[in-house]
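Undergrad: Have a look at the structure that comes next, please.
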Amino acid sequence: MKLVTVERWDKAFFELFVEFRNRVHSQLPSSLPETLEDYERYFGPENPFAADYSWVGFMVLDGASVRAKAILAWRRDGAIGNLGFLDWENNLEAANVLVDAVLQAGRSTGLTSLKTPVDLNFYVKYRIKCPGGGKPFWGEPIYPDYYHDLFARTGFKEIGRWDTYKIQRLKGIWDYLVKRKKLAKKTDGSHSKTKDKRLRTTVRCVRPEDWDGELRIIHRLFTEAYKSMPEWEPISFPQFKVIYDDFKYIINSYYAYIVELRGEPVGFSINFADPLPILLRVKGRKLSKLRKALLLLQLRTNLSTLLIAHVGKVLGPQGEEIKGVQIQVSKRIQVITALMRTVLVTFQIKNSPSRRSFEERSQESYSEYVLYGRDLE
C-alpha cells in the first residue's frame, strides 16, 4: 500500500479522489455523483476557507488503484480535527494505513482529538447514517454500512447520536391546535392576545428575490442559535454562502420562515420539499437550458416530502426571550403538510428543544445517525 498526501490544491489528486468516491457510492441508489468543482470550492486556490482552516488530503493506493481517501481539516485556532470526505473499500489494511497517517498528522499539528465523518466543518456535512431506517432523503449522510465496522476496528468510538422522526400528520395537526390554544392562555406566551404588543412576534416568508440579504440574516441567526452545540464552529459569511448558496434553487419561500420581533429577525424555521426524487431522475445527465428551467420548476412545486430542517431562535433586540418559534410558524406548516405525502423533522438530538414542538405521540422514529471520535493525546 502506498500513501499519497497533499496540503494544497492538486487537480490530479482530486480527480482521482472524486473518481474513487463516485465508484464507492455507485452502489447506493440514492447517492448523487460529486464533481471536481464541488471540491474546488472548499480547497481550490480561491476558496474562502483558506484564511481559517488548514487541511491535509490522504489517499491510499494499491498499485494504481485507490483503496481509501480522506481529508483532515482543522481550524487554525482549534485543537479538534475534522476527518471527512472519507471513503474506503471494505479493506482493513487500507483503512489502517489511512487512519495511522491521519493520527500522525493530527498529533504533529497539535490536535487533541478527531471527529468523523465531518466534511471540513459541521455546516458542510457531519454524522453517518446507521444501517436501516426509512427511505433516503436529500442531505442525509449516507455511506455503505461496512463503514461503521471499519470505524470501530480502527479505534473510533461513538460520541454523538441523532435521529430523524416522522410526524404522524393527523395527530400532529390535532396536537398543534391543542398546544396553540394552551399557549394563547399564557400571559408570557407567544400567542397571548392580551400581552404587551411590543412582545408580539410576526412571521414572514424567506424572500428569494433578496437571496444574499436573507442569507446574511440566516447566517447571523444560525451563528447565534447554534453556538452552544458541541459540534459548532464559527464560520464567516463568505464561507456560509459557499455552503448554502445552492439552496436558492431548492427553497420554496412558502416553506421557509423568519420570525421577527418589532421588525428584527429573532427566529427561523427553514423547511423545504425533498428534492432527491427529482434530482435522481436527471442523475448523470447533461441538461439543456430548457431542461434546467423545467427542473427548477419541478423543484419549486415539489410536494413529495417536507423536511423540517433548521429551527432556532435568538434573544430579541433588548434581550427578550422568544418562545414557541415552531408553534408560531406551525399554522403555515400545517397547511403545507396537508398537501405533502410525508413530513420529517431531521437530525434531532434526544433532548432537542425543537422536539418539544411536537407531542411525542405524533413522532415516529425514521432513521438514526452517529458521530465517531478518537482522542489523540
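This note's numbering puts the first residue of the sequence shown at 31, with every later residue one more than the last.
The beta-carbon is built from N, C-alpha and C at its ideal position, and this holds for glycine as well.
Treat the numbers as computed from the prediction; the structure is a model and nothing was measured.
Starting from A323, trace the alpha helix (DSSP H) in both directions and tell me its first and last residue.
TA: First-last of the alpha helix (DSSP H) with A323: 319-330.
Undergrad: Could you tell me which of A135, S397, P63 sits nearest to L374, measuring between CA atoms?
TA: Selected option, being the one with the closest Cα: S397.
Undergrad: Assuming M2 and T335 form a contact by the criterion Cβ under 8 Å, report the distance between their Cβ atoms to the nearest whole angstrom.
TA: Because the chain in this structure spans residues 31 to 407, residue 2 falls outside the shown range and cannot be described.
Undergrad: Thinking C-beta only, is T376 closer than 7 Å to A323?
TA: Not in contact: A323 and T376 (Cβ atoms no closer than 7 Å).
Undergrad: Keeping to the same chain, check which residues put their C-beta closer than 7 Å to that of H55; ignore five residues upstream and five downstream.
TA: These residues qualify, in order along the chain: S61.
Undergrad: Taking the alpha-carbon positions, what's the P238 to Q328 distance?
TA: Their Cα atoms are separated by approximately 16 Å.
Undergrad: Would you kindly work out how many angstroms separate the C-alpha atoms of Y287 and D149, rounded to a whole number?
TA: The alpha-carbon atoms of Y287 and D149 are separated by roughly 27 Å.
Undergrad: Taking three-plus beta-carbon pairs below 8 Å as touching, is the stretch 235-255 in contact with the stretch 337-355?
TA: Short answer: they touch.
Undergrad: In the DSSP assignment, find the unbroken alpha helix (DSSP H) run with E123 in it and report its ends.
TA: 122-138 is the extent of the alpha helix (DSSP H) around E123.
Undergrad: Grouping DSSP H, G and I as helix and E and B as strand, with all else coil, what is H221?
TA: Note that H221 scores a pLDDT of 45, beneath 50, so its modelled location is shaky; the value from the coordinates is reported in the next line. If DSSP states are grouped into helix, strand and coil, H221 belongs with coil.
Undergrad: Taking only the alpha-carbon atoms, compute the straight-line gap between R230 and I363 and give it to the nearest angstrom.
TA: Using only the alpha carbons, I get a separation of about 20 Å.
Undergrad: In angstroms, rounded to a whole number, what distance separates the CA positions of K223 and V289?
TA: Because K223 carries a pLDDT of 45, less than 50, the predicted location of this residue cannot be relied on, and no value is offered for it.
Undergrad: I need the boundaries of the alpha helix (DSSP H) containing Q269, first residue and last residue.
TA: Segment 267-274, the alpha helix (DSSP H) holding Q269.
Undergrad: Can you have a look at A94 and say buried or exposed, based on whether 16 or more other CB atoms are within 10 angstroms of its CB?
TA: By the neighbour-count rule (16 or more Cβ atoms within 10 Å), A94 is not buried but exposed.
Undergrad: Quick one: what does DSSP say S283 is sitting in, helix, strand or coil?
TA: DSSP places S283 in coil when its eight states are reduced to three.
Undergrad: Over what stretch of residues does the beta strand (DSSP E) that includes K426 continue unbroken?
TA: Since the first and last residues shown for the chain are 31 and 407, residue 426 lies out of range.
Undergrad: Using a 10 Å radius around the Cβ and a threshold of 16 neighbouring Cβ atoms, would you call M89 buried or exposed?
TA: Buried, because 16 or more other Cβ atoms sit within 10 Å of the Cβ of M89.
Undergrad: Where DSSP assigns a beta bridge to D434, which residues make up the other side?
TA: A question about residue 434 goes unanswered here, because the residues of the chain that appear run from 31 up to 407.
Undergrad: Taking all protein chains shown into account, decide if H221 is buried (16 or more other Cβ within 10 angstroms of its Cβ) or exposed.
TA: Confidence in H221 is poor, its pLDDT being 45 and thus under 50, which makes the residue's placement unreliable; the coordinate value appears in the next sentence. Classification for H221: buried.
Undergrad: Could you have a look at V355 and say whether DSSP puts it in helix, strand or coil?
TA: Residue state, collapsed to three classes: helix.
Undergrad: For the beta strand (DSSP E) containing E188, list its first residue and its last residue.
TA: Start and end: 187-197.
Undergrad: Does the distance from the CB of V236 to the CB of S299 come in under 7 Å?
TA: Result no, Cβ atoms of V236 and S299 do not sit closer than 7 Å.
Undergrad: Answer with buried or exposed for Q134, where buried requires no fewer than 16 other C-beta atoms within 10 angstroms of its C-beta.
TA: Exposed: under 16 other Cβ atoms inside 10 Å.
Undergrad: Could you check the C-alpha separation between L333 and K278 for me, to the nearest Å?
TA: The straight-line gap from Cα to Cα measures roughly 17 Å.
Undergrad: Would you kindly work out how many angstroms separate the C-alpha atoms of H249 and E263, rounded to a whole number?
TA: Looking at the two C-alpha atoms, the distance is approximately 13 Å.
Undergrad: Output the distance between the C-alpha atoms of R404 and K145, rounded to the nearest integer angstrom.
TA: Rounded to whole angstroms, R404 to K145 spans 7 Å at the Cα level.
Undergrad: Over what stretch of residues does the beta strand (DSSP E) that includes T184 continue unbroken?
TA: Per DSSP, T184 belongs to no beta strand (DSSP E) and is neither H nor E.
Undergrad: For N151, collect the residues of the same chain with a Cβ closer than 7 Å to its Cβ; drop the 5 residues on either side in sequence, then sort them by chain order.
TA: Cβ within range, chain order: N112, E263, I265.
Undergrad: Which residues bound the alpha helix (DSSP H) around I308?
TA: Residues 306-311.
Undergrad: Identify whether S95 lies in helix, strand or coil by the three-state DSSP scheme.
TA: Looking at S95 - three-state DSSP - the assignment turns out to be strand.
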